[in-house]
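Okay, so here's the structure we're looking at.
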Amino acid sequence: MPDILGFIPARGGSKGIPQKNLFPVMGKPLLQYTLEAAAESRHLTRRMLSSEDWEIRDFAARHGVDTRYIRPRELARDESTTIDTVLHALQWLEERGELPDTVVLLQPTSPLRTHQHIDAAIEQFQRSGCSSLVSVHPMTEHPWKCMELTELGWRYLVRSPQGVTRRQQYSNNFYTINGALYIATPRFIRDTRGFVAEGETELFFMPPSAGVDIDELPDVLWTEAHLKLALSA
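At position 159 of the sequence shown the residue is numbered 161 (this note's numbering), and the sequence of numbers has no breaks.
Written as structure tokens, this is what we have:
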């Protein structure tokens with residue numbers, strides 16, 4: 003049986019929402035949604051937290067998550083990257099002879115990602131023969147309608163083919179990484195310093211609602227409205 007680690011990064015600081023990982027969403031701390039989904043997964047063999055914050059670590063420990071690893075404070079700043087945190091944790095695990103076969107990155111900012119999503123993604127990853135998988139959902143806006151501000155004004159990110167003027171003529175094959183699920187082998191993560199490589203990474207398709215990413219308070223309000231609607235259905 004493969005050793006599949008659910009890796010949950012949850013630092014204490016946050017710009018948009020103070021102490022975001024413990025911020026209440028429908029009366030439950032944001033982090034708890036991910037802790038519960040990971041606990042209910044049939045395929046995760048271990049769950050590990052990465053945090054420098056004692057309150058978050060204590061909360062996760064009470065939900066049965068391994069909190070022995072303490073994220074260095076230099077990897078818990080606003081400019082710190084998730085991949086640097088993962089690489090540091092992999093080194094920590096390897097030094098203890100605990101390096102897993104597969105890492106499943108579960109960011110707490112995706113509260114609508116369920117254990118069913120986690121298990122389906124792991125099963126697809128195992129069938130694919132690929133060394134990494136990432137979750138995506140359809141883009142809200144078509145790439146031809148996206149623009150970038152420049153010093154000279156603005157420019158289209160992608161130029162549409164001539165003759166395509168109506169929405170009905172647009173292709174629907176455009177997706178965006180939603181941050182809900184990343185899966186990869188430790189070797190892939192180290193070789194690429196990431197979880198995604200063009201031409202090598204399997205895509206796991208999710209509906210836009212399940213891929214919500216909590217960053218600001220309006221995201222919380224949208225998520226609560228979605229959960230209330232689901233409960234009343």
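The beta-carbon is built from N, C-alpha and C at its ideal position, and this holds for glycine as well.
Nearest to residue 148 by C-alpha distance, out of 121, 176, 29, is 176. Shown here for residue 110: same chain residues with a beta carbon closer than 6 angstroms to its own, the five before and five after excluded, namely 12, 23, 32, 33, 36 in chain order. For residue 47, the CB contacts under 6 angstroms within the same chain, skipping 5 residues up- and downstream, are 5, 6 in chain order.
Nearest in C-alpha terms to residue 190, of all of 134, 50, 40, is 134. Within the DSSP secondary-structure output, residue 10 pairs in a beta bridge with 51. As for any beta strand (DSSP E) of minimum length 3 sitting wholly inside the stretch 84 to 172, the runs are 104 to 107, 134 to 140, 149 to 152, 155 to 158, ordered along the chain. The beta carbons of residue 127 and residue 218 sit about 31 angstroms from each other, so the pair does not count as a contact at 8 angstroms. In the structure shown, residue 177 adopts extended strand secondary structure according to DSSP, grouped into three states. For residue 200, no beta strand (DSSP E) run applies, since DSSP gives it neither H nor E. Assignment of residue 46 by DSSP, reduced to helix, strand and coil, places it in the coil class. Residue pairing from DSSP places residue 186 in a beta bridge opposite 105, 134. It is roughly 19 angstroms from the alpha-carbon of residue 83 to the alpha-carbon of residue 187. For residue 25, there is no enclosing alpha helix (DSSP H), as DSSP marks it with neither H nor E. Of 125, 95, 97, the smallest CA-CA separation from residue 206 is found for 125. Setting aside the 5 residues that flank it on each side, residue 14 is surrounded in the same chain by 21, 23, 53, 54, 55, 57, 58, 78, each with a C-beta closer than 8 angstroms to its C-beta; the list follows chain order. The Cβ-Cβ distance between residue 85 and residue 40 does not fall below 9 angstroms. The straight-line gap separating the alpha-carbon atoms of residue 201 and residue 27 is approximately 37 angstroms.
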